[in-house]
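Peer 1: Below is a structure I'd like to ask you about.
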Amino acid sequence: DAKTTQPNSMESNEEEPVHLPCNHSTISGTDYIHWYRQLPSQGPEYVIHGLTSNVNNRMASLAIAEDRKSSTLILHRATLRDAAVYYCILRDGSLYNQGGKLIFGQGTELSVKP
Amino acid sequence: SAVISQKPSRDICQRGTSLTIQCQVDSQVTMMFWYRQQPGQSLTLIATANQGSEATYESGFVIDKFPISRPNLTFSTLTVSNMSPEDSSIYLCSVTGTGNRWNTGELFFGEGSRLTVL
Numbered sequence: 006d007a008k009t010t011q012p013n014s015m016e017s018n019e020e021e022p023v024h025l026p027c028n029h030s031t032i033s034g035t036d037y038i039h040w041y042r043q044l045p046s047q048g049p050e051y052v053i054h055g056l057t058s059n060v061n062n063r064m065a066s067l068a069i070a071e072d073r074k075s076s077t078l079i080l081h082r083a084t085l086r087d088a089a090v091y092y093c094i095l096r097d098g099s100l101y102n103q104g105g106k107l108i109f110g111q112g113t114e115l116s117v118k119p
Numbered sequence: 009s010a011v012i013s014q015k016p017s018r019d020i021c022q023r024g025t026s027l028t029i030q031c032q033v034d035s036q037v038t039m040m041f042w043y044r045q046q047p048g049q050s051l052t053l054i055a056t057a058n059q060g061s062e063a064t065y066e067s068g069f070v071i072d073k074f075p076i077s078r079p080n081l082t083f084s085t086l087t088v089s090n091m092s093p094e095d096s097s098i099y100l101c102s103v104t105g106t107g108n109r110w111n112t113g114e115l116f117f118g119e120g121s122r123l124t125v126l
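Protein chains in written order, with our numbering: chain H, 6 to 119; chain F, 9 to 126.
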């Protein structure tokens with residue numbers, strides 16, 4: 006499985022933007038870049054995903070490098086509720102290679118200061 | 009989206025016993041997965057639950073220890089057999105979405121079953 010590399014932890018101030026980086030230099034053509042977050046005492050929740058183009062949704066934006074070897078999750082205005090562990094995961098979108106499963110790394114623990 | 013219910017939400021068990029965790033989804037889903045999250049750690053994939061056939065286990069996990077059933081497209085069970093304190097973890101069920109993008113879109117997670125083995 007392709008691997009991702011994230012910083013162990015990051016700090017942010019409330020109401021400021023946060024850029025969470027992820028390196029995935031061995032990404033393959035069928036890998037989708039997924040981001041999930043896990044709030045304390047909860048199961049992971051989906052944040053955003055993309056293949057090649059930048060993506061926006063109500064929670065965040067995903068900026069994908071042109072060579073796809075790195076990506077950045079952008080929270081436009083951090084709130085205290087955004088404090089969580091953020092996981093960047095490559096999900097194999099192929100149908101015939103046991104595609105579909107998520108293999109979690111250690112993630113980035115984001116703390117938000119008031 | 010998919011709504012996932014896991015039972016039990018938590019339990020305390022004695023060493024040597026077995027516990028079955030249930031995962032019920034409110035809609036038919038293509039793939040179901042079981043994860044384990046040990047205290048302070050990330051999630052580890054145990055297996056993919058296949059409907060009507062044996063589960064596909066990840067390296068380090070075996071059917072005798074973690075038997076899995078998936079009788080239909082909305083339900084699965086994970087049994088933790090012959091438990092030891094090292095099995096104390098949160099066990100989570102995860103499912104793909106429905107429709108044509110099941111293999112590329114988001115996954116949904118249950119709240120988890122917190123298991124403590126004494």
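Glycine included, each C-beta is placed from N, C-alpha and C at the ideal position.
Could you say which of F:55, F:48, F:120, F:11 lies nearest to residue 70 of chain F if we only look at CA atoms?
Peer 2: Nearest of F:55, F:48, F:120, F:11 to residue 70 of chain F, Cα basis: F:55.
Peer 1: What does the Cβ neighbour count give for residue 104 of chain F, buried or exposed, with the cut at 16 atoms within 10 Å?
Peer 2: Residue 104 of chain F is buried by the Cβ-count criterion.
Peer 1: Which whole-angstrom value describes the C-beta separation of residue 107 of chain H and residue 27 of chain F, a residue pair presumed to lie in contact below a C-beta threshold of 8 Å?
Peer 2: Actually they do not touch by this definition, with Cβ atoms about 24 Å apart.
Peer 1: Reducing DSSP to helix, strand and coil, say where residue 34 of chain F ends up.
Peer 2: Coil, per DSSP.
Peer 1: Residues of chain H with a CB under 9 Å from the CB of residue 115 of chain F: which are they?
Peer 2: Correct list: 39, 41, 49, 51, 96, 105, 106, 107.
Peer 1: Could you please give the first and the last residue of the uninterrupted beta strand (DSSP E) stretch that includes residue 139 of chain F?
Peer 2: No information on residue 139 of chain F is available, as it lies outside the stretch 9 to 126 that chain F covers here.
Peer 1: Please compile the residues from chain H whose C-beta is within a distance smaller than 7 Å of the C-beta of residue 50 of chain F.
Peer 2: Within 7 Å Cβ-Cβ: 109, 110, 111, 112.
Peer 1: Could you tell me the alpha carbon to alpha carbon distance between residue 28 of chain H and residue 34 of chain H, rounded to whole angstroms?
Peer 2: One C-alpha to the other measures close to 15 Å.
Peer 1: For the 8 Å Cβ check, are there 3 or more pairs between the segment 56 to 68 of chain F and the segment 26 to 41 of chain F?
Peer 2: They touch, by the three-pair rule.
Peer 1: Apart from the five residues on each side of it in sequence, which residues of its chain come closer than 6 Å, Cβ to Cβ, to residue 18 of chain H?
Peer 2: Only 118 meet the Cβ criterion.
Peer 1: Please compile the residues from chain H whose C-beta is within a distance smaller than 7 Å of the C-beta of residue 62 of chain F.
Peer 2: Within 7 Å Cβ-Cβ: nothing; residue 62 of chain F doesn't reach chain H, min ~14 Å.
Peer 1: Here's a check: name, in chain order, each residue in its chain whose Cβ is nearer than 7 Å to the Cβ of residue 64 of chain F, leaving out the five neighbours to either side.
Peer 2: The answer, listed in chain order, is 55, 56, 58.
Peer 1: Checking contacts by CB at 9 Å: is residue 68 of chain F closer than that to chain H?
Peer 2: It does not; no Cβ of chain H falls within 9 Å.
Peer 1: Give me, in chain order, the residues of the same chain whose beta-carbon lies closer than 7 Å to that of residue 34 of chain F; leave out the 5 immediate sequence neighbours on both sides.
Peer 2: Here the set comprises 10, 11.
Peer 1: So residue 100 of chain F contacts chain H; which residues on that side make the cut at Cβ distance below 9 Å?
Peer 2: By Cβ distance, chain H contributes 48, 49.
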